[in-house]
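The next block holds one structure in the form of structure tokens; read it before the comments.
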Amino acid sequence: AQSVTQLDSHVSVSEGTPVLLRCNYSSSYSPSLFWYVQHPNKGLQLLLKYTSAATLVKGINGFEAEFKKSETSFHLTKPSAHMSDAAEYFCVVSYRSGNTGKLIFGQGTTLQVKP
Amino acid sequence: GAVVSQHPSRVICKSGTSVKIECRSLDFQATTMFWYRQFPKKSLMLMATSNEGSKATYEQGVEKDKFLINHASLTLSTLTVTSAHPEDSSFYICSARSSRVLAGDEQYFGPGTRLTVT
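Chains A and B, in that order, give the protein sequences.
Position in the first sequence (from 1) plus 10 gives the number in this note's numbering.
Position in the second sequence (from 1) plus 67 gives the number in this note's numbering.
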């Protein structure tokens, strides 16, 4: 069975400092993993995705994530936080239900960026 | 590219009435669309999978007679909340997956519809 756990419900950083949002997954086969961001009253935007190619995935807005199979982790990082990064972040794993690929969302991590 | 729209963005309706929400893929064809529900400060919960030209597949615990889904074309899926009650108030989000063979499992999300039932 597939599942995804975001280890922090809320992360607070100062502007200009690094960001780390943690995600662990469980999958019975090689998974596809995603990070999505949701700004208030906005739709979900894909930050990056891992689909069994390079383990270090670079996304938009300076974000990147590293797939670590031994640790079943897919943590999201950014070297320097910007005020505009404040949002809700979701780690997502895909799974197959019949012929349909579906997504399981983590519980979400609220990123607060302080001036 | 890969834009998904939803209409309306917000709707307020009286208890007992029905509300229809549209989800459109604007620049790609989507054989499969998905409907999610998001409660405040909570994650997204998959309600159903909508396949063009066939019946929707509902997740366990979702009432198919209450949440009617129609996927009449490759670019449009609709969700109708029938006989709405205050507990149906929520943020409903749709997503679409491209029909292209190499598209993979990535889904493109609409901006969501805020439903308030009074």
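By construction, the Cβ of each residue, glycine as well, lies at the ideal position given by its N, Cα and C atoms.
Source: prediction; values computed, not measured.
Boundaries of the beta strand (DSSP E) in which residue i is found, first to last residue
{"i": "B:Lys122", "result": "Here B:Lys122 belongs to no beta strand (DSSP E), and DSSP marks it neither H nor E."}
{"i": "A:Thr119", "result": "119-124"}
{"i": "A:Val21", "result": "20-24"}
{"i": "B:Val129", "result": "Looking at the DSSP string, B:Val129 is not in any beta strand (DSSP E), and its letter there is neither H nor E."}
{"i": "B:Arg181", "result": "180-184"}
{"i": "A:Ser83", "result": "83-88"}
{"i": "B:Glu154", "result": "No beta strand (DSSP E) contains B:Glu154, which DSSP labels as neither H nor E."}
Nearest-angstrom Cα separation, counted from residue j out to residue i
{"i": "A:Lys68", "j": "B:Thr183", "result": "38 Å"}
{"i": "B:Thr185", "j": "A:Gly53", "result": "25 Å"}
{"i": "A:Leu57", "j": "B:Thr99", "result": "22 Å"}
{"i": "A:Ser62", "j": "B:Ser150", "result": "45 Å"}
{"i": "A:Ala75", "j": "B:Gly83", "result": "46 Å"}
{"i": "B:Asn118", "j": "A:Thr87", "result": "36 Å"}
{"i": "B:Gly179", "j": "A:Ala64", "result": "32 Å"}
Residues bridged to residue i (per DSSP)
{"i": "A:Ser38", "result": "DSSP lists no partner for A:Ser38."}
{"i": "B:Ser92", "result": "B:Val71"}
{"i": "B:Ser144", "result": "B:Cys90"}
{"i": "A:Phe100", "result": "A:Tyr46"}
Contact list for residue i against chain A, beta-carbon separation under 8 Å
{"i": "B:Gln174", "result": "Leu113"}
{"i": "B:Ser110", "result": "Phe100, Phe115, Gly116, Gln117, Gly118"}
Proximal chain B residues relative to residue i, where beta-carbon distance stays under 8 Å
{"i": "A:Thr15", "result": "The contacting residues do not exist; A:Thr15 stays about 11 Å from chain B at best."}
{"i": "A:Leu121", "result": "Near A:Leu121 there are no residues of chain B at all, since even the closest Cβ is about 14 Å away, more than 8 Å."}
{"i": "A:Leu30", "result": "Per Cβ cutoff of 8 Å: no residues; A:Leu30 is ~20 Å from chain B at best."}
Per-residue contacts from residue i into chain B (C-beta, under 9 Å)
{"i": "A:Gly72", "result": "The contacting residues do not exist; A:Gly72 stays about 21 Å from chain B at best."}
Neighbour list for residue i in chain A, Cβ cutoff strictly below 7 Å
{"i": "B:Pro178", "result": "Lys52, Gly53"}
Chain B residues whose Cβ lies nearer than 7 Å to that of residue i
{"i": "A:Thr110", "result": "Thr99, Thr116"}
{"i": "A:Lys59", "result": "Glu173"}
{"i": "A:Ser104", "result": "Asp172"}
Where residue i meets chain A, residues with beta-carbon distance less than 9 Å
{"i": "B:Leu113", "result": "Lys112, Leu113, Ile114, Phe115"}
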